[in-house]
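Here's the structure we're looking at; comments come further down.
Numbering (the working numbering), first residue to last: 2 to 463.
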């Protein structure tokens, strides 16, 4: 993989210690899901570490705390500019490792460097990308560079726990009349794609993301001794409801983003496959029905997905429970709504004794464009950091903090400029998460090139 990317000769990009700085970030266990038990002290420790690691950034940019875990660094231009600002995002919280400790090659929160790789929870999601972003700003400040328009670095500390900080940041800035030209958050990465006839690595940039719902199914039944059951128990009724949902998947629908993906994949595919991908983009109804046949990765691009993740009911093996419940995690396809999903759930379950309750929901986002200056700048920055790698659009199936901006600006993109093979992608929220120092340096170059690209007629970071 790396052999196709010539090493950088940029001395600023090679500022010593990027791996060590990320390792220090990883060593602070900013687990947002544990905040109620641990408090904010560990997050304050992390914020203090950033001030120590990036002194120029803290000296020249204005820092505003929004809520407990929201940080906004405002980088003002040398002269007032009428051009809309840009928002660059990252988050510094991580998911827990409870129950997985024995499976890690090294302790998850040690922050160890092995063979020019930084290991630990958050190396990829999302402290690695945050590190490269702050490195780029620090290096540009060291060069005496100032952006031609305002740049806002919006960092959140609870993305893995509903993203309240990012939501509050977005709402606060919008109330002040800030309307960014584009927003860039985590999401895709430099990776290979599982499509036949297409070889090499690509920068997968999310144009939209699916909605997220938590739905509770519940029912009650007659309790008593398990030796004398009378009809369907509460547990049996909920289990039957889940089984009916699994037997009746949601219908297929191809978002515009997925059609655009096939159109652009065709430009990089072998000739016979290029024809297939162009045809797929032109006949989305047919393609949407074929994609699920290639597996889960194909299905989630064109269908609302559903998974029962929690079941509850009963207190003893020989007692009939008087109530039972199941929790569903649902990822809503673009073009559908939480209301339409609830209607379909009730219809598929077909049991008035099973209550279908919406616990929480974030709707699917709108779809950003690929025919504008923002997309061009992202693609140009990718090419400078990873020569020969093209940017491709895709549909983000996981939730990001970027979703909170879609109501306020039409151009929200999701991409972390780090190279991830299949094993690394599986390590996100899993075990043995790591990132190469080479990838960190290239990520820094990406952000620096992107910022330089804000200059009129710019885009090259020489």
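C-beta: ideal position from N, C-alpha, C; glycine also. Only a predicted model underlies this, so the values are computations on that prediction, with no experimental measurement involved.
Beta carbon of residue i nearer than 9 Å to that of residue j
{"i": "residue 125", "j": "residue 421", "result": "yes"}
{"i": "residue 389", "j": "residue 189", "result": "no"}
{"i": "residue 158", "j": "residue 24", "result": "no"}
{"i": "residue 450", "j": "residue 386", "result": "yes"}
{"i": "residue 282", "j": "residue 264", "result": "yes"}
{"i": "residue 87", "j": "residue 153", "result": "yes"}
{"i": "residue 118", "j": "residue 350", "result": "no"}
{"i": "residue 210", "j": "residue 340", "result": "no"}
{"i": "residue 207", "j": "residue 416", "result": "yes"}
{"i": "residue 308", "j": "residue 220", "result": "no"}
{"i": "residue 435", "j": "residue 115", "result": "yes"}
{"i": "residue 187", "j": "residue 90", "result": "yes"}
{"i": "residue 51", "j": "residue 61", "result": "no"}
{"i": "residue 191", "j": "residue 205", "result": "yes"}
{"i": "residue 123", "j": "residue 93", "result": "yes"}
Three-state secondary structure assigned by DSSP to residue i
{"i": "residue 397", "result": "strand"}
{"i": "residue 413", "result": "strand"}
{"i": "residue 136", "result": "helix"}
{"i": "residue 170", "result": "helix"}
{"i": "residue 8", "result": "Residue placement at residue 8 is flagged as unreliable, the pLDDT there being 46, under the threshold of 50; the coordinate-derived value follows with that caveat. Three-state DSSP puts residue 8 in coil, outside helix and strand."}
{"i": "residue 440", "result": "helix"}
{"i": "residue 143", "result": "helix"}
{"i": "residue 380", "result": "helix"}
{"i": "residue 408", "result": "coil"}
{"i": "residue 124", "result": "coil"}
{"i": "residue 264", "result": "helix"}
{"i": "residue 402", "result": "helix"}
{"i": "residue 177", "result": "coil"}
{"i": "residue 455", "result": "coil"}
{"i": "residue 107", "result": "coil"}
{"i": "residue 186", "result": "strand"}
{"i": "residue 279", "result": "helix"}
{"i": "residue 221", "result": "strand"}
{"i": "residue 284", "result": "coil"}
{"i": "residue 462", "result": "Interpretation of residue 462 is limited by its pLDDT of 43, a score under 50 that renders its predicted location unreliable; no figure is taken from the coordinates."}
{"i": "residue 429", "result": "coil"}
Residues that residue i bridges to, as DSSP identifies them
{"i": "residue 203", "result": "192, 391"}
{"i": "residue 26", "result": "Beta-bridge pairing links residue 26 to no other residue."}
{"i": "residue 422", "result": "Per DSSP, none; premise fails for residue 422."}
{"i": "residue 359", "result": "216"}
{"i": "residue 157", "result": "71, 92"}
{"i": "residue 210", "result": "397"}
{"i": "residue 113", "result": "120"}
{"i": "residue 48", "result": "Partner(s): none; residue 48 has no beta bridge."}
Ordered list of beta strand (DSSP E) runs contained in the stretch 288-354, each at least 3 residues: 306-314, 324-333
Within the stretch 62-103, ranges of the alpha helix (DSSP H) (whole runs, at least 4 residues): none
At least 3 beta-carbon pairs within less than 8 Å: the stretch 310-323 vs the stretch 377-387: no
Segment contact flag, the stretch 440-454 with the stretch 35-53, C-beta cutoff 8 Å, min 3 pairs: no
At least 3 beta-carbon pairs within less than 8 Å: the stretch 93-112 vs the stretch 399-411: no
Contact between the stretch 136-151 and the stretch 335-345 (3+ Cβ pairs under 8 Å): no
Start-end ranges of the alpha helix (DSSP H) lying completely within the stretch 232-259, minimum 4 residues: 235-248
Touch test, the stretch 265-279 against the stretch 192-199, Cβ-Cβ under 8 Å, three pairs minimum: yes
Stretch-stretch touch, CB-based, cutoff 8 Å, three pairs: the stretch 238-255 with the stretch 351-365: yes
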